[in-house]
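**Student:** With our numbering applied, the sequence shown corresponds to residues 9 to 284, in that order.
C-beta: ideal position from N, C-alpha, C; glycine also.
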Amino acid sequence: MTLALAADAVESSYPRDLMQWKEIGIPPNADQAARAIWDYAANYSTHEWRVYVEDGKVSARLVSPVRQEKGDRPPFTPKGFQFGRGDAFKRVDDGWLVGFNRGEFGASLYWFSADGNRNYKISEHQVVDFITLPGGVYAIEGLAHLGMSGGSVIRIAREPWHLQWTANPVTKLPFAPYAVAVRSDNSMLVTLSDALVSVDTNGDVVSLLDEVPWGGLYPNSSVLSSDGQKLFIGMRQFVGEFDIQARTLRLLVPSDAFLNKLPKDQERQIYKQYNR
Numbered sequence: 009m010t011l012a013l014a015a016d017a018v019e020s021s022y023p024r025d026l027m028q029w030k031e032i033g034i035p036p037n038a039d040q041a042a043r044a045i046w047d048y049a050a051n052y053s054t055h056e057w058r059v060y061v062e063d064g065k066v067s068a069r070l071v072s073p074v075r076q077e078k079g080d081r082p083p084f085t086p087k088g089f090q091f092g093r094g095d096a097f098k099r100v101d102d103g104w105l106v107g108f109n110r111g112e113f114g115a116s117l118y119w120f121s122a123d124g125n126r127n128y129k130i131s132e133h134q135v136v137d138f139i140t141l142p143g144g145v146y147a148i149e150g151l152a153h154l155g156m157s158g159g160s161v162i163r164i165a166r167e168p169w170h171l172q173w174t175a176n177p178v179t180k181l182p183f184a185p186y187a188v189a190v191r192s193d194n195s196m197l198v199t200l201s202d203a204l205v206s207v208d209t210n211g212d213v214v215s216l217l218d219e220v221p222w223g224g225l226y227p228n229s230s231v232l233s234s235d236g237q238k239l240f241i242g243m244r245q246f247v248g249e250f251d252i253q254a255r256t257l258r259l260l261v262p263s264d265a266f267l268n269k270l271p272k273d274q275e276r277q278i279y280k281q282y283n284r
């Protein structure tokens with residue numbers, strides 16, 4: 009069946025404060041036809057939401073789906089990997105850490121001097137984002153491709169007895185990571201391709217949400233509320249609001265005008281496939 013993309017509503021403005029957004033229900037898995045329609049429509053949305061904190065409030069904005077770089081950019085264009093410019097950046101005391109990540113086509117983690125004139129390859133980890141903790145610089149890394157998904161948390165350090173930075177594993181993740189947020193106790197909340205987990209300072213992984221609705225929505229960012237009780241996740245079509253204590257998830261949009269919908273004839277085809 010060929011699926012056409014229904015036109016997304018074009019809105020010139022929307023509230024960035026997520027407290028003004030509305031919840032959209034998720035059809036239960038038991039209703040296979042309705043859930044398939046929901047999944048297809050969301051996956052084909054052209055809206056990509058990135059979450060951030062502004063004036064103490066969690067907000068969201070539309071971003072380009074083509075390229076979303078993580079971290080402040082260095083004052084030069086990092087080169088040294090066959091796929092061009094970097095994707096994730098971290099300022100360190102002697103320069104920059106740069107992650108080049110092209111998914112199934114390869115990846116590398118590099119160090120660059122502050123002026124960009126010198127560099128060396130640290131590892132071939134598929135860095136998604138960097139995190140600074142009391143123990144140093146960490147990163148989430150991994151890949152989801154063709155039904156396979158895996159990743160890890162790594163620590164990137166330049167020990168006194170080493171002239172160069174090295175990357176070493178801290179803990180394995182059950183799936184590929186998409187985004188990370190750090191809590192006040194320095195534990196991490198990691199949004200994965202197929203789950204949401206916490207990673208404590210000992211590297212122990214605890215699952216917070218085993219069944220997630222963002223399999224085809226590619227989360228790109230996450231931030232905590234000011235009280236640390238909720239995690240907001242930016243992704244295609246929606247922003248997720250996860251209550252950490254209750255372990256419940258809500259999906260938000262500014263209004264119904266931002267919901268992508270399939271043409272009625274395609275909805276009928278899907279219902280027919282499921283004998284409805």
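1) Considering just the uninterrupted stretch of the alpha helix (DSSP H) at W46, what are its terminal residues?
2) Along the chain, which unbroken stretches of the beta strand (DSSP E) at least 3 residues long are found entirely within the region 53 to 132?
3) Measuring CB atoms only, is the region 172 to 180 touching the region 151 to 163, in the sense that at least three cross pairs come out at less than 8 Å?
4) Grouping DSSP H, G and I as helix and E and B as strand, with all else coil, what is K280?
5) Excluding the 5 residues preceding and the 5 following G103 in the sequence, name in chain order all residues of the same chain whose CB lies nearer than 7 Å to its CB.
6) What ranges does the beta strand (DSSP E) occupy inside the region 181 to 246, keeping only unbroken runs of at least 3 residues that lie completely in it?
7) Tell me the rounded alpha-carbon separation between A38 and Y282.
8) Roughly how many whole angstroms lie between the Cα atoms of E56 and G124?
9) In this structure, how does DSSP classify K272 when only helix, strand and coil are distinguished?
10) Taking the C-alpha atoms as reference points, what is the distance between P83 and Y128?
11) Select from I278, E62, V231 and A254 the residue whose C-alpha is nearest the C-alpha of M243.
12) Work out the CA separation of A96 and V213 for me, nearest whole Å.
**Tutor:** Here's the rundown:
1) Q40 to N51
2) 57 to 62, 65 to 70, 96 to 100, 103 to 109, 115 to 120 and 127 to 131
3) A contact exists between the region 172 to 180 and the region 151 to 163.
4) helix
5) W119, F120, S121 and A122
6) 185 to 190, 196 to 200, 204 to 207, 213 to 217, 229 to 232 and 238 to 242
7) 12 Å
8) 31 Å
9) helix
10) 18 Å
11) V231
12) Each residue's Cα considered, the two are about 24 Å apart.
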